[in-house]
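Read the structure below first, then the notes.
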Amino acid sequence: MTLLSSFRWRSCSRSEVCVALLLSGLMVAQAAPPLPAPTPLATLVAEAERNSPEIGSAQAAWRAAQEVPEQVGSLPDPQFTLQQLSVGSPRPFAGYSNSDFAYLGVGVSQDLPYPGKLRLRAEEARRAAVVTKDGVDAARRRVRQRVSTLYFELAYVQESLRLLNQDQALLRQVERAATDHYRVGEGSQPDVMRAQVQATKLLRDLAMQHAEMGRLQAALRQVLNRPADAPPIVAEPLQETHLPLTAATLQGVLLATNPALQARQDRVRQQAAHLAVARKDLKPDFNAQYMYQRTGPRFRDYYVLTLGVRLPLHHGKQAAEIGEAVADLDRARQDVEVESQQVSYALREQVLAVETGERLLQIYRDGLLPQAKASVQSSLAAYAANRLDLSTVLGAYLDQVQVEQEYWRTLADHENALSRVEELTGVSPLPGTASATTAQKGDYDQLP
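Heads up: the sequence shown at position 217 corresponds to 944 in my numbering, and the numbers run straight through without jumps.
Structure representation (C-alpha coordinates):
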(Lines of atoms letter the chains of each structure in order from A and count residues from 1; the text may use other names and numbers.)
(Lines give C-alpha, C1' and ligand atoms only; values in the text may rest on other atoms or scores of the structure.)
Protein backbone atom coordinates (compact mmCIF):
# COMPACT_ATOMS: atom_id res chain seq x y z
CA MET A 1 0.00 0.00 0.00
CA THR A 2 2.94 2.35 0.50
CA LEU A 3 3.74 2.20 -3.19
CA LEU A 4 0.13 2.70 -4.26
CA SER A 5 -0.48 5.51 -1.82
CA SER A 6 2.57 7.35 -3.09
CA PHE A 7 0.73 8.24 -6.31
CA ARG A 8 -1.38 11.38 -6.36
CA TRP A 9 -4.54 9.82 -7.74
CA ARG A 10 -6.51 13.06 -7.65
CA SER A 11 -4.02 14.80 -9.90
CA CYS A 12 -4.63 12.25 -12.69
CA SER A 13 -6.94 13.79 -15.24
CA ARG A 14 -7.34 10.52 -17.17
CA SER A 15 -7.57 6.95 -15.95
CA GLU A 16 -5.11 5.85 -18.66
CA VAL A 17 -2.50 8.23 -17.33
CA CYS A 18 -2.99 6.84 -13.84
CA VAL A 19 -2.50 3.30 -15.12
CA ALA A 20 0.67 4.37 -16.88
CA LEU A 21 2.01 5.95 -13.71
CA LEU A 22 1.12 2.83 -11.73
CA LEU A 23 2.95 0.59 -14.20
CA SER A 24 5.96 2.88 -14.03
CA GLY A 25 5.95 2.62 -10.26
CA LEU A 26 5.68 -1.15 -10.41
CA MET A 27 8.63 -1.32 -12.79
CA VAL A 28 10.72 0.68 -10.34
CA ALA A 29 9.63 -1.73 -7.59
CA GLN A 30 10.88 -4.64 -9.72
CA ALA A 31 14.49 -3.40 -9.41
CA ALA A 32 16.67 -6.20 -8.13
CA PRO A 33 18.26 -5.88 -4.65
CA PRO A 34 21.99 -5.30 -4.40
CA LEU A 35 24.02 -8.42 -5.17
CA PRO A 36 27.44 -9.50 -3.83
CA ALA A 37 30.64 -8.77 -5.71
CA PRO A 38 31.20 -10.74 -8.94
CA THR A 39 33.09 -14.03 -8.68
CA PRO A 40 35.66 -14.77 -11.43
CA LEU A 41 35.03 -17.82 -13.54
CA ALA A 42 38.44 -19.28 -12.65
CA THR A 43 37.50 -19.25 -8.96
CA LEU A 44 34.30 -21.20 -9.57
CA VAL A 45 36.07 -23.68 -11.85
CA ALA A 46 38.69 -24.37 -9.18
CA GLU A 47 35.96 -24.84 -6.58
CA ALA A 48 34.09 -27.26 -8.84
CA GLU A 49 37.22 -29.31 -9.44
CA ARG A 50 37.74 -29.58 -5.68
CA ASN A 51 34.17 -30.41 -4.73
CA SER A 52 32.58 -32.12 -7.74
CA PRO A 53 31.25 -35.60 -6.88
CA GLU A 54 31.63 -36.57 -10.54
CA ILE A 55 35.38 -35.87 -10.46
CA GLY A 56 35.69 -37.49 -7.05
CA SER A 57 33.96 -40.64 -8.30
CA ALA A 58 36.25 -40.82 -11.35
CA GLN A 59 39.33 -40.38 -9.15
CA ALA A 60 38.15 -43.13 -6.79
CA ALA A 61 37.63 -45.45 -9.76
CA TRP A 62 41.17 -44.70 -10.94
CA ARG A 63 42.65 -45.40 -7.50
CA ALA A 64 40.77 -48.69 -7.40
CA ALA A 65 41.97 -49.64 -10.90
CA GLN A 66 45.58 -49.00 -9.89
CA GLU A 67 45.31 -51.75 -7.28
CA VAL A 68 44.25 -54.42 -9.78
CA PRO A 69 47.61 -55.16 -11.54
CA GLU A 70 49.22 -56.29 -8.29
CA GLN A 71 46.29 -58.63 -7.64
CA VAL A 72 46.13 -60.34 -11.04
CA GLY A 73 49.91 -60.38 -11.48
CA SER A 74 50.63 -62.32 -8.30
CA LEU A 75 50.80 -66.07 -7.82
CA PRO A 76 47.67 -67.78 -6.47
CA ASP A 77 47.67 -68.26 -2.73
CA PRO A 78 49.33 -71.52 -1.61
CA GLN A 79 47.19 -74.20 -0.01
CA PHE A 80 48.25 -75.92 3.23
CA THR A 81 47.00 -79.45 4.00
CA LEU A 82 46.74 -81.43 7.23
CA GLN A 83 46.16 -85.16 6.58
CA GLN A 84 45.70 -88.16 8.88
CA LEU A 85 45.53 -91.80 7.73
CA SER A 86 44.25 -94.55 10.03
CA VAL A 87 44.77 -98.31 9.50
CA GLY A 88 42.41 -101.09 10.66
CA SER A 89 39.79 -98.80 12.15
CA PRO A 90 38.08 -95.48 11.36
CA ARG A 91 39.13 -94.21 14.75
CA PRO A 92 41.67 -91.35 14.59
CA PHE A 93 45.25 -92.54 14.79
CA ALA A 94 44.26 -96.24 14.64
CA GLY A 95 47.29 -98.33 13.66
CA TYR A 96 49.68 -95.44 14.22
CA SER A 97 51.92 -97.50 16.52
CA ASN A 98 51.77 -100.83 14.73
CA SER A 99 51.52 -100.07 10.99
CA ASP A 100 53.85 -98.18 8.72
CA PHE A 101 50.85 -97.06 6.61
CA ALA A 102 49.27 -94.94 9.36
CA TYR A 103 50.60 -91.43 9.44
CA LEU A 104 49.96 -87.76 10.20
CA GLY A 105 50.87 -85.56 7.25
CA VAL A 106 51.45 -81.84 6.68
CA GLY A 107 51.70 -80.48 3.16
CA VAL A 108 51.59 -77.41 0.94
CA SER A 109 50.60 -76.99 -2.71
CA GLN A 110 51.10 -74.09 -5.13
CA ASP A 111 49.49 -73.42 -8.51
CA LEU A 112 52.04 -72.20 -11.06
CA PRO A 113 50.60 -70.50 -14.19
CA TYR A 114 52.55 -70.88 -17.41
CA PRO A 115 55.46 -68.41 -17.55
CA GLY A 116 54.31 -65.03 -18.87
CA LYS A 117 50.61 -65.38 -18.04
CA LEU A 118 50.74 -63.32 -14.87
CA ARG A 119 52.79 -60.62 -16.55
CA LEU A 120 50.27 -60.33 -19.39
CA ARG A 121 47.32 -60.18 -16.99
CA ALA A 122 49.03 -57.44 -15.01
CA GLU A 123 49.71 -55.54 -18.25
CA GLU A 124 46.04 -55.80 -19.21
CA ALA A 125 45.04 -54.44 -15.80
CA ARG A 126 47.51 -51.56 -16.13
CA ARG A 127 46.02 -50.67 -19.52
CA ALA A 128 42.56 -50.71 -17.95
CA ALA A 129 43.80 -48.37 -15.22
CA VAL A 130 45.09 -45.95 -17.87
CA VAL A 131 41.63 -45.93 -19.46
CA THR A 132 40.17 -45.09 -16.06
CA LYS A 133 42.67 -42.26 -15.66
CA ASP A 134 41.51 -40.85 -19.00
CA GLY A 135 38.04 -40.83 -17.46
CA VAL A 136 39.27 -38.57 -14.67
CA ASP A 137 40.56 -36.03 -17.19
CA ALA A 138 37.33 -36.27 -19.17
CA ALA A 139 35.23 -35.72 -16.03
CA ARG A 140 37.32 -32.71 -15.07
CA ARG A 141 36.88 -31.15 -18.49
CA ARG A 142 33.13 -31.83 -18.47
CA VAL A 143 32.75 -30.13 -15.11
CA ARG A 144 34.82 -27.14 -16.24
CA GLN A 145 32.74 -26.79 -19.38
CA ARG A 146 29.47 -27.12 -17.45
CA VAL A 147 30.53 -24.41 -15.00
CA SER A 148 31.61 -22.17 -17.88
CA THR A 149 28.33 -22.62 -19.76
CA LEU A 150 26.23 -21.84 -16.69
CA TYR A 151 28.48 -18.90 -15.85
CA PHE A 152 28.13 -17.33 -19.31
CA GLU A 153 24.37 -17.90 -19.25
CA LEU A 154 24.23 -16.22 -15.85
CA ALA A 155 26.24 -13.29 -17.18
CA TYR A 156 23.85 -13.04 -20.13
CA VAL A 157 20.80 -12.97 -17.83
CA GLN A 158 22.48 -10.28 -15.71
CA GLU A 159 23.02 -8.18 -18.83
CA SER A 160 19.44 -8.81 -19.90
CA LEU A 161 18.16 -7.56 -16.54
CA ARG A 162 20.40 -4.51 -16.79
CA LEU A 163 19.09 -3.77 -20.27
CA LEU A 164 15.49 -4.21 -19.13
CA ASN A 165 16.09 -1.81 -16.25
CA GLN A 166 17.52 0.69 -18.72
CA ASP A 167 14.55 0.08 -21.02
CA GLN A 168 12.30 1.09 -18.14
CA ALA A 169 13.84 4.57 -18.18
CA LEU A 170 13.36 4.84 -21.93
CA LEU A 171 9.81 3.52 -21.79
CA ARG A 172 8.91 5.96 -19.05
CA GLN A 173 10.04 8.76 -21.35
CA VAL A 174 7.80 7.37 -24.09
CA GLU A 175 4.91 7.12 -21.64
CA ARG A 176 5.40 10.69 -20.45
CA ALA A 177 5.57 11.96 -24.00
CA ALA A 178 2.41 10.04 -24.97
CA THR A 179 0.59 11.31 -21.87
CA ASP A 180 1.65 14.91 -22.54
CA HIS A 181 0.43 14.68 -26.13
CA TYR A 182 -2.85 13.17 -24.96
CA ARG A 183 -3.40 15.93 -22.38
CA VAL A 184 -3.00 18.71 -24.90
CA GLY A 185 -5.09 16.93 -27.50
CA GLU A 186 -2.24 16.16 -29.86
CA GLY A 187 -2.18 12.43 -29.14
CA SER A 188 -4.71 9.65 -28.97
CA GLN A 189 -5.86 7.19 -26.37
CA PRO A 190 -4.52 4.20 -28.40
CA ASP A 191 -1.05 5.76 -28.20
CA VAL A 192 -1.20 5.76 -24.41
CA MET A 193 -2.53 2.22 -24.37
CA ARG A 194 0.26 1.00 -26.67
CA ALA A 195 2.80 2.47 -24.28
CA GLN A 196 1.04 0.69 -21.41
CA VAL A 197 1.14 -2.62 -23.31
CA GLN A 198 4.88 -2.29 -23.80
CA ALA A 199 5.28 -1.51 -20.11
CA THR A 200 3.34 -4.63 -19.20
CA LYS A 201 5.43 -6.73 -21.60
CA LEU A 202 8.52 -5.33 -19.93
CA LEU A 203 7.22 -6.53 -16.55
CA ARG A 204 6.67 -9.97 -18.09
CA ASP A 205 10.21 -10.05 -19.47
CA LEU A 206 11.61 -9.04 -16.08
CA ALA A 207 9.70 -11.85 -14.37
CA MET A 208 10.93 -14.40 -16.92
CA GLN A 209 14.55 -13.27 -16.58
CA HIS A 210 14.35 -13.45 -12.78
CA ALA A 211 12.98 -17.00 -13.07
CA GLU A 212 15.86 -17.94 -15.39
CA MET A 213 18.27 -16.36 -12.92
CA GLY A 214 16.91 -18.62 -10.17
CA ARG A 215 17.28 -21.70 -12.36
CA LEU A 216 20.89 -20.88 -13.22
CA GLN A 217 21.73 -20.19 -9.58
CA ALA A 218 20.35 -23.61 -8.61
CA ALA A 219 22.25 -25.35 -11.41
CA LEU A 220 25.51 -23.64 -10.44
CA ARG A 221 25.09 -24.60 -6.78
CA GLN A 222 24.59 -28.21 -7.87
CA VAL A 223 27.74 -28.28 -10.02
CA LEU A 224 29.75 -26.56 -7.26
CA ASN A 225 28.26 -28.93 -4.66
CA ARG A 226 27.04 -25.98 -2.60
CA PRO A 227 23.97 -26.14 -0.31
CA ALA A 228 20.65 -25.04 -1.79
CA ASP A 229 20.48 -21.96 0.46
CA ALA A 230 23.99 -20.73 -0.43
CA PRO A 231 24.34 -17.03 -1.31
CA PRO A 232 23.69 -16.08 -4.95
CA ILE A 233 26.54 -16.07 -7.43
CA VAL A 234 27.27 -12.98 -9.50
CA ALA A 235 29.13 -13.36 -12.78
CA GLU A 236 31.59 -10.84 -14.13
CA PRO A 237 30.45 -8.85 -17.19
CA LEU A 238 30.74 -10.73 -20.44
CA GLN A 239 33.93 -10.02 -22.36
CA GLU A 240 34.91 -11.25 -25.77
CA THR A 241 37.78 -13.74 -25.88
CA HIS A 242 39.51 -15.27 -28.86
CA LEU A 243 40.83 -18.57 -30.16
CA PRO A 244 44.33 -19.13 -28.74
CA LEU A 245 45.60 -21.07 -31.79
CA THR A 246 44.73 -21.59 -35.42
CA ALA A 247 42.14 -24.19 -36.34
CA ALA A 248 44.81 -26.50 -37.81
CA THR A 249 46.95 -26.29 -34.66
CA LEU A 250 43.91 -26.93 -32.45
CA GLN A 251 43.13 -30.00 -34.54
CA GLY A 252 46.60 -31.38 -33.84
CA VAL A 253 46.25 -30.67 -30.12
CA LEU A 254 42.83 -32.33 -30.15
CA LEU A 255 44.12 -35.58 -31.62
CA ALA A 256 47.01 -35.65 -29.14
CA THR A 257 45.28 -34.69 -25.89
CA ASN A 258 41.50 -35.19 -26.06
CA PRO A 259 40.68 -37.51 -23.13
CA ALA A 260 37.77 -39.24 -24.86
CA LEU A 261 39.95 -40.05 -27.86
CA GLN A 262 42.86 -41.05 -25.60
CA ALA A 263 40.53 -43.38 -23.71
CA ARG A 264 39.55 -45.08 -26.97
CA GLN A 265 43.20 -45.50 -27.97
CA ASP A 266 44.11 -46.86 -24.56
CA ARG A 267 41.17 -49.25 -24.84
CA VAL A 268 42.79 -50.65 -27.99
CA ARG A 269 45.99 -51.33 -26.04
CA GLN A 270 43.99 -52.96 -23.28
CA GLN A 271 42.16 -55.22 -25.75
CA ALA A 272 45.48 -56.12 -27.40
CA ALA A 273 46.79 -57.19 -24.00
CA HIS A 274 43.59 -59.17 -23.41
CA LEU A 275 44.09 -60.97 -26.74
CA ALA A 276 47.64 -61.86 -25.69
CA VAL A 277 46.26 -63.30 -22.43
CA ALA A 278 43.66 -65.33 -24.34
CA ARG A 279 46.33 -66.80 -26.60
CA LYS A 280 48.54 -67.55 -23.61
CA ASP A 281 45.67 -69.52 -22.06
CA LEU A 282 46.45 -72.24 -24.66
CA LYS A 283 49.56 -73.00 -22.61
CA PRO A 284 49.32 -75.47 -19.66
CA ASP A 285 49.41 -74.48 -16.02
CA PHE A 286 51.28 -76.41 -13.33
CA ASN A 287 50.82 -77.40 -9.73
CA ALA A 288 53.48 -78.41 -7.18
CA GLN A 289 52.69 -80.24 -3.93
CA TYR A 290 54.95 -81.33 -1.10
CA MET A 291 53.90 -83.34 1.97
CA TYR A 292 55.68 -84.62 5.07
CA GLN A 293 54.08 -87.77 6.58
CA ARG A 294 54.91 -88.64 10.17
CA THR A 295 54.56 -92.35 10.97
CA GLY A 296 54.83 -94.28 14.25
CA PRO A 297 58.05 -94.27 16.25
CA ARG A 298 59.08 -97.67 14.90
CA PHE A 299 58.73 -96.67 11.24
CA ARG A 300 60.40 -94.31 8.86
CA ASP A 301 58.70 -91.05 7.79
CA TYR A 302 57.54 -90.30 4.24
CA TYR A 303 58.33 -87.31 2.05
CA VAL A 304 56.06 -86.83 -0.97
CA LEU A 305 56.63 -84.41 -3.88
CA THR A 306 53.90 -84.19 -6.54
CA LEU A 307 53.94 -82.20 -9.80
CA GLY A 308 50.71 -81.71 -11.76
CA VAL A 309 49.87 -80.23 -15.15
CA ARG A 310 46.54 -78.66 -16.15
CA LEU A 311 46.19 -79.23 -19.88
CA PRO A 312 43.85 -77.02 -21.98
CA LEU A 313 42.33 -79.93 -23.88
CA HIS A 314 39.00 -78.18 -24.62
CA HIS A 315 40.34 -76.21 -27.59
CA GLY A 316 36.89 -75.02 -28.57
CA LYS A 317 36.71 -73.04 -25.33
CA GLN A 318 40.09 -71.37 -25.92
CA ALA A 319 39.29 -70.74 -29.58
CA ALA A 320 36.05 -68.99 -28.60
CA GLU A 321 37.92 -66.88 -26.05
CA ILE A 322 40.48 -65.86 -28.67
CA GLY A 323 37.74 -65.11 -31.20
CA GLU A 324 35.97 -62.89 -28.69
CA ALA A 325 39.21 -61.04 -27.93
CA VAL A 326 39.91 -60.51 -31.64
CA ALA A 327 36.42 -59.11 -32.19
CA ASP A 328 36.74 -56.82 -29.16
CA LEU A 329 40.08 -55.54 -30.44
CA ASP A 330 38.59 -54.81 -33.88
CA ARG A 331 35.66 -53.01 -32.27
CA ALA A 332 38.03 -50.93 -30.13
CA ARG A 333 39.95 -49.88 -33.23
CA GLN A 334 36.73 -48.90 -34.98
CA ASP A 335 35.71 -46.94 -31.90
CA VAL A 336 38.92 -44.92 -32.18
CA GLU A 337 38.02 -43.94 -35.73
CA VAL A 338 34.46 -43.04 -34.74
CA GLU A 339 35.59 -40.98 -31.76
CA SER A 340 38.24 -39.22 -33.84
CA GLN A 341 35.63 -38.20 -36.41
CA GLN A 342 33.18 -37.07 -33.74
CA VAL A 343 35.61 -34.89 -31.79
CA SER A 344 37.10 -33.48 -35.00
CA TYR A 345 33.65 -32.54 -36.25
CA ALA A 346 32.74 -31.06 -32.86
CA LEU A 347 35.92 -28.96 -32.91
CA ARG A 348 35.28 -27.72 -36.45
CA GLU A 349 31.71 -26.87 -35.49
CA GLN A 350 32.75 -24.90 -32.43
CA VAL A 351 35.59 -23.10 -34.23
CA LEU A 352 33.12 -22.06 -36.93
CA ALA A 353 30.72 -20.84 -34.24
CA VAL A 354 33.51 -18.79 -32.65
CA GLU A 355 34.60 -17.25 -35.95
CA THR A 356 31.01 -16.49 -36.97
CA GLY A 357 30.32 -15.00 -33.56
CA GLU A 358 33.33 -12.68 -33.83
CA ARG A 359 32.12 -11.39 -37.21
CA LEU A 360 28.60 -10.86 -35.89
CA LEU A 361 29.84 -9.07 -32.78
CA GLN A 362 31.85 -6.72 -34.97
CA ILE A 363 28.74 -5.99 -37.05
CA TYR A 364 26.71 -5.29 -33.93
CA ARG A 365 29.34 -2.99 -32.40
CA ASP A 366 30.16 -1.06 -35.56
CA GLY A 367 26.74 -0.90 -37.15
CA LEU A 368 23.57 -2.25 -35.59
CA LEU A 369 23.96 -1.01 -32.01
CA PRO A 370 24.88 2.62 -32.87
CA GLN A 371 22.23 2.74 -35.57
CA ALA A 372 19.51 1.40 -33.31
CA LYS A 373 20.37 3.91 -30.54
CA ALA A 374 20.50 6.79 -32.98
CA SER A 375 17.12 5.77 -34.39
CA VAL A 376 15.55 5.79 -30.91
CA GLN A 377 17.02 9.16 -30.05
CA SER A 378 15.92 10.79 -33.30
CA SER A 379 12.42 9.28 -33.13
CA LEU A 380 11.98 10.46 -29.54
CA ALA A 381 13.06 13.97 -30.47
CA ALA A 382 10.72 13.98 -33.49
CA TYR A 383 7.82 12.65 -31.41
CA ALA A 384 8.42 15.28 -28.72
CA ALA A 385 8.14 17.92 -31.48
CA ASN A 386 4.96 16.20 -32.74
CA ARG A 387 6.57 15.31 -36.07
CA LEU A 388 6.27 11.54 -35.65
CA ASP A 389 3.61 9.10 -34.44
CA LEU A 390 4.04 6.90 -31.41
CA SER A 391 4.01 3.67 -33.40
CA THR A 392 7.24 4.67 -35.11
CA VAL A 393 8.82 5.53 -31.76
CA LEU A 394 7.81 2.21 -30.25
CA GLY A 395 9.03 0.42 -33.36
CA ALA A 396 12.44 2.03 -32.99
CA TYR A 397 12.45 1.20 -29.28
CA LEU A 398 11.63 -2.47 -29.93
CA ASP A 399 14.31 -2.65 -32.62
CA GLN A 400 16.91 -1.39 -30.16
CA VAL A 401 15.78 -3.84 -27.48
CA GLN A 402 16.01 -6.70 -29.96
CA VAL A 403 19.43 -5.65 -31.26
CA GLU A 404 20.84 -5.31 -27.75
CA GLN A 405 19.46 -8.67 -26.68
CA GLU A 406 20.83 -10.29 -29.84
CA TYR A 407 24.25 -8.76 -29.22
CA TRP A 408 24.53 -10.16 -25.71
CA ARG A 409 23.08 -13.50 -26.80
CA THR A 410 25.69 -13.69 -29.56
CA LEU A 411 28.45 -12.83 -27.11
CA ALA A 412 27.28 -15.50 -24.64
CA ASP A 413 27.08 -18.10 -27.41
CA HIS A 414 30.55 -17.08 -28.59
CA GLU A 415 32.00 -17.64 -25.12
CA ASN A 416 30.14 -20.93 -24.77
CA ALA A 417 31.65 -22.12 -28.05
CA LEU A 418 35.11 -21.19 -26.77
CA SER A 419 34.50 -23.12 -23.56
CA ARG A 420 33.57 -26.14 -25.67
CA VAL A 421 36.81 -25.72 -27.64
CA GLU A 422 38.66 -25.70 -24.32
CA GLU A 423 36.87 -28.89 -23.24
CA LEU A 424 37.86 -30.62 -26.48
CA THR A 425 41.47 -29.46 -26.67
CA GLY A 426 42.38 -28.37 -23.14
CA VAL A 427 43.59 -25.01 -24.51
CA SER A 428 42.19 -21.93 -22.76
CA PRO A 429 40.98 -18.97 -24.85
CA LEU A 430 42.86 -15.68 -24.95
CA PRO A 431 41.24 -12.72 -23.13
CA GLY A 432 39.83 -9.98 -25.33
CA THR A 433 38.63 -6.48 -24.63
CA ALA A 434 35.89 -5.21 -22.34
CA SER A 435 35.21 -2.08 -24.38
CA ALA A 436 32.13 -3.58 -26.00
CA THR A 437 30.73 -4.40 -22.58
CA THR A 438 31.33 -1.07 -20.93
CA ALA A 439 30.09 0.87 -23.94
CA GLN A 440 26.52 0.04 -22.98
CA LYS A 441 26.66 1.65 -19.54
CA GLY A 442 24.74 4.87 -19.09
CA ASP A 443 23.67 5.24 -22.70
CA TYR A 444 20.15 6.22 -21.74
CA ASP A 445 21.35 9.12 -19.61
CA GLN A 446 21.93 11.08 -22.80
CA LEU A 447 18.52 10.48 -24.31
CA PRO A 448 16.25 13.53 -24.75
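A virtual CB, placed ideally from N, CA and C, is assigned to each residue, including glycine.
Segment limits, beta strand (DSSP E) that includes residue i
i, result
"Gln-1016", "1012–1021"
"Leu-830", "Correcting the residue identity first, residue 830 is Tyr in this sequence and not Leu. First-last of the beta strand (DSSP E) with Tyr-830: 830–839."
"Gln-811", "806–812"
"Leu-1034", "1029–1037"
Under 7 Å between C-beta atoms of residue i and residue j
i, j, result
"Thr-1137", "Gly-1084", "yes"
"Ala-945", "Leu-881", "no"
"Val-1036", "Leu-847", "no"
"Glu-936", "Ser-875", "Note that residue 936 is Gln in the sequence shown here, rather than Glu. In this structure, Ser-875 does not lie closer than 7 Å to Gln-936 by Cβ."
"Ala-792", "Ala-856", "yes"
"Pro-1011", "Leu-1038", "yes"
"Leu-812", "Ala-829", "yes"
"Leu-845", "Gly-800", "yes"
"Leu-836", "Gln-806", "Rather than Leu, the amino acid found at residue 836 in this sequence is Ser. A contact, by the Cβ cut-off of 7 Å."
"Val-1081", "Leu-1145", "yes"
"Ala-1059", "Gln-998", "yes"
"Val-833", "Ala-785", "no"
"Gln-1077", "Val-1148", "yes"
Boundaries of the alpha helix (DSSP H) in which residue i is found, first to last residue
i, result
"Tyr-1072", "1042–1090"
"Gly-1122", "1117–1152"
"Ala-1111", "1096–1111"
"Asp-993", "986–1007"
"Gln-786", "780–793"
Own chain, CB closer than 8 Å to residue i, minus 5 neighbours either side, in chain order
i, result
"Glu-776", "Ile-782, Arg-867, Val-870, Arg-871"
"Ser-1102", "Ala-1123, Asp-1126, Gln-1127"
"Pro-954", "Arg-948"
"Ala-1112", "none"
"Val-694", "Any property of residue 694 remains undetermined from this structure, which presents the chain solely from 728 to 1175."
"Leu-1157", "Thr-968, His-969, Leu-970, Pro-971"
"Thr-766", "Ile-960, Val-961, Ala-962, Glu-963"
Cutoff 7 Å; reference residue i; Cβ partners in own chain excluding five residues on either side
i, result
"Gln-757", "Here Gln-757 scores only 44 on pLDDT, less than 50, and its place in the model is too uncertain to base an answer on."
"Leu-753", "Note that Leu-753 has pLDDT 40, beneath the 50 cutoff, so the model's placement of it is unreliable and the number below is only indicative. So the list reads Leu-930, once near-sequence residues are dropped."
"Glu-1066", "Ala-987, Leu-988, Arg-991"
"Arg-1006", "Ile-1049"
"Gly-1169", "Here the model assigns Gly-1169 a pLDDT of 36, short of 50, so the residue's position is not dependable, and the following value carries that caveat. Contacts found: none."
"Leu-877", "Leu-943, Ala-946, Leu-947, Val-950"
Residues near residue i in its chain [Cβ-Cβ closer than 6 Å; skip 5 each side]
i, result
"Thr-859", "Ala-788, Trp-789, Ala-792"
"Val-1031", "Met-1018"
Next item on the list: Spell out a yes or no on whether the region 1121–1133 and the region 1065–1072 are touching, meaning 3 or more CB-CB pairs, one atom from each, closer than 8 Å.
Entry: no
Next item on the list: State whether the region 1007–1026 contacts the region 821–828, with contact taken as three or more CB pairs (one from each stretch) at a distance under 8 Å.
Entry: yes
Check: Looking at C-beta atoms only, is the number of pairs between the region 838–852 and the region 972–983 that lie closer than 8 Å three or more?
Finding: No, they do not touch.
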